[in-house]
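So the structure is just underneath, and the comments pick up after that.
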Amino acid sequence: MVFSSVEFLFLFLPVFLIFYIALPALRNITLLAFSLLFYFVGEGYFLAVMLASIAINYVSGLFVAPGVKGRGPALAIGLTLNVVMLVYYKYIGFLAQDVFQLPENDWTTDVHLPIGISFFTFQGMSYLIDVYRGNARKEMSPFRLAAYISMFPQLIAGPIVRFSTVANDLRRRVIRLKHVYYGLLFFAVGLAEKVILADTMAKVADAIYGRAPDELQASTAFLGGLTYSFQIFFDFSGYSAMAIGLGLILGFKFPRNFNFPYISQSITEFWRRWHLSLSTWFRDYCYIPLGGNRLGPSKTYRNLFLIFLLTGVWHGASWNFIVWGLWHGFFIIIERFGFSKVLEKMWIGLRVAYTLIIAYIGWIFFRAEDLTHGLQMLARHFAFGEGGASVWEFLDNETLIVLAMSSVLSTPVVLWASRGFIAPPAYGAWMKRNPMWKYGLGVALAAILIIVSSVKILAGTYSPFIYFRF
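The opening position of the sequence shown corresponds to residue 214 in our numbering, with each subsequent residue numbered one higher.
Here you go:
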């Protein structure tokens, strides 16, 4: 089950909200029960994997708090069990066949990848580390910890939420009308990003990447990369916005996950705007413990290399994901080495263009079926004058309109315009004196976006969220 489905929008979510609102004393139990149901509908008996993760982290968490004897070994055991489970379900096939070249067998080739395992495993590990460091209190209630790890709004595609962020809300939370209003807006905007923008771009990107590279003109290969760049941004940003919106409606505040990464002026800045919950996770639990930038330049470069290697591996068990991660890591390192000073002297447009080109090339490998396919698609961008499928085989009026919309909405231009031109100071002051108009317009906008998105869903133009497979 996914957020952009008829079953979720018109059955699961309304029924859940009825129980959630009607039974305030049982909100955690309601949230846990519906979260487990949500996962079971999509994954069946692989719900047991998530239940095992909950059990591992709950039991380990009892023994890793400051003052508990033997908490170091307890942390090591808890983290090891988390990693072993993640490695088996996500990487065993890749390790056995691609890395160690072992003979194929059922234990390595037929392993199902449970949806969202990378997300809920990282949440469980962050809980153990934070309790060990004293940054969070150990949770004595297995139901509260289970609700945290299995919480359906952000269970299968993030953002990765720290336990300390929601611990107090799990014990006691108040649902405020203001938060419900903003939650509804976030959810509606995210749904529209996914259904109207990402799915439309997906039709073009999938069609182009589904063709053999030598059947494409250079301009068509570029169109495939361009539409995929918009698809992955609005797909993931849309899901994160929906998750944040649902969290607000339920009384939780999840962290922001995106901040217009395509206006970044360096790859370093790109990673301060893209998938923030993952980049800060690696920073706090891997980069800083490795020494960060405190042990001299060579150790800093080593640490950055390892972090972006892990970032690539986290996204998938394939060489093309590793290349994608190291590609970004390489430019992070050369910027740290001194290229950032060169960038500072450039015109801002050139800095943004540099970042977009690096990110674009990375997305070619990210989208490709494998490393060879990625190299072939990249090479096809330079096959000028050669025959093949034209861009006009993949474009229609709707796609052109959505492509233009995506170009604008992937930047904060509309946000800036609404603050400076569409909404002058006098208008803002009037809104403060008449808040019902503000809320009325917001609800109307949310309703329009949900209705239009629902029509698109019913028309059968749905494609699955990209990050579900991670």
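Quick reminder that beta carbons are idealized off the backbone N, C-alpha and C, glycines included.
- Could you pull out every unbroken alpha helix (DSSP H) segment of at least 4 residues lying fully inside the region 272-326, listed in chain order? For the region 272-326, whole alpha helix (DSSP H) runs of length 4 or above, ordered along the chain, are 284-307, 319-322.
- Message: Considering only DSSP beta bridges, list what L429 is partnered with.
- Response: In the DSSP secondary-structure assignment, L429 is bridged to A602.
- Item | Member of L508, R375, P510 whose CA lies at the smallest distance from the CA of S339 | The residue from L508, R375, P510 with its alpha-carbon nearest to that of S339 is R375.
- Near P366, which residues of its chain fall below 6 angstroms by C-beta distance, leaving aside the five closest residues on each side in sequence? In the same chain as P366, and ignoring 5 residues on each side of it, the C-beta atoms closer than 6 angstroms to its own belong to A456, L459, G460, in chain order.
- Item | K554, DSSP secondary structure in three states | Reduced to three states, the DSSP call for K554 is helix.
- Rounded separation between I661 and G396 - CA only: Between I661 and G396, the C-alpha separation is close to 15 angstroms.
- Query: Between the C-alpha atoms of V555 and Q478, what's the straight-line distance to the nearest angstrom?
  - Reply: Going by C-alpha positions, V555 is about 12 angstroms away from Q478.
- Query: From what residue to what residue does the alpha helix (DSSP H) around H541 run?
  - Reply: Unbroken alpha helix (DSSP H) run through H541: 532-547.
- Task: Compare the C-alpha of G280 against each of V565, G653, R350 and name the closest.
- Result: Ranking the options by Cα distance to G280, first place goes to R350.
- Task: Taking only the alpha-carbon atoms, compute the straight-line gap between L230 and R593 and give it to the nearest angstrom.
- Result: Spanning the two alpha carbons is a distance of roughly 50 angstroms.
- Task: Given a cut-off of 9 angstroms, decide if W537 and G579 are closer than it, judged by their beta-carbon atoms.
- Result: Before going on, a small fix: residue 579 reads as Phe here, not Gly. Contact: yes.
- From F276, G274, S331, residue whose alpha carbon lies closest to that of L299: The option with the nearest alpha carbon to L299 is S331.
- Item | Run of the alpha helix (DSSP H) containing G587, from where it starts to where it stops | Where G587 is concerned, the enclosing alpha helix (DSSP H) stretches over 584-593.
- Quick one: which unbroken beta strand (DSSP E) runs of 3-plus residues sit fully inside the region 477-517? Chain order, please. Runs found: none.
- Item | I234 burial status per 10 Å Cβ neighbour count (16 or more: buried) | By the neighbour-count rule (16 or more Cβ atoms within 10 Å), I234 is not buried but exposed.
- Task: Could you give the DSSP three-state label for L239: helix, strand or coil?
- Result: Looking at L239 - three-state DSSP - the assignment turns out to be helix.
- When the Cβ atoms of the region 375-389 are set against those of the region 563-570, are three or more pairs found closer than 8 angstroms? Between the region 375-389 and the region 563-570, the count of Cβ pairs shorter than 8 angstroms is below three; the stretches do not touch.
- Item | Beta-carbon separation (whole angstroms), Y301 vs V324, contact threshold 8 angstroms | The C-beta separation of Y301 from V324 comes to about 7 angstroms, placing the pair in contact by the 8 angstroms criterion.
- Query: What residue from T413, G464, V387, L429 has the CA that sits closest to F446's CA?
  - Reply: For the set T413, G464, V387, L429, the Cα lying nearest the Cα of F446 is the one of T413.
- Decide if P426 is buried, meaning its Cβ has at least 16 other Cβ atoms within 10 Å, or exposed. Result: buried.
- Message: With three or more C-beta pairs closer than 8 angstroms as the rule, is the region 474-490 touching the region 542-552?
- Response: Look at the beta carbons and you see the region 542-552 touching the region 474-490: at least three pairs across the two are nearer than 8 angstroms.
- Task: Within the same chain, show all residues whose beta-carbon is closer than 8 angstroms to that of S363, passing over the 5 residues directly before and after it, in chain order.
- Result: Cβ within range, chain order: L245, S248, L249, Y252, M263, I267, F333.
- Message: Going by C-alpha to C-alpha distance, which of A420, S450, A454, Q430 sits closest to T440?
- Response: Ranking the options by Cα distance to T440, first place goes to A420.
- Query: Ordered along the chain, which non-local residues of its own chain (more than five positions away) have a Cβ less than 8 angstroms from that of K526?
  - Reply: It is worth fixing the name first, because residue 526 is Val in this sequence and not Lys. Same-chain partners within the cutoff: Y304, F534, I535, G538.
- Query: Does the beta-carbon distance from Y572 to F449 come in below 9 angstroms?
  - Reply: Correcting the residue identity first, residue 572 is Ala in this sequence and not Tyr. No, the Cβ-Cβ distance between A572 and F449 is not below 9 angstroms.
- Message: Restricting to runs no shorter than 4 residues, where is the alpha helix (DSSP H) found entirely within the region 369-402?
- Response: Every alpha helix (DSSP H) of 4 residues or more that sits fully in the region 369-402 is shown, in chain order, as 376-384.
- Message: I'd like the list of long-range same chain contacts for H392, defined as Cβ closer than 6 angstroms, with 5 residues on each side in sequence excluded.
- Response: Excluding positions up to five away in sequence, the list reads L461.
- Task: Work out the CA separation of W487 and S453 for me, nearest whole Å.
- Result: Rounded to the nearest angstrom, the two C-alpha atoms are 11 angstroms apart.
- Item | Assigned exposure category for S442 - 16 Cβ within 10 Å defines buried | Buried.
- What do you get for I614, buried or exposed, if any count of 16 or more other CB atoms within 10 angstroms of its CB means buried? Classification of I614: exposed, given that the 10 Å Cβ count is below 16.
- Message: For W576, report the span of its alpha helix (DSSP H) as first-last.
- Response: Where W576 is concerned, the enclosing alpha helix (DSSP H) stretches over 561-580.
- If I'm right that F307 touches A581 with Cβ under 8 angstroms, what's the distance once you round it to whole angstroms? With a contact defined as Cβ atoms closer than 8 angstroms, F307 and A581 miss out at about 15 angstroms.
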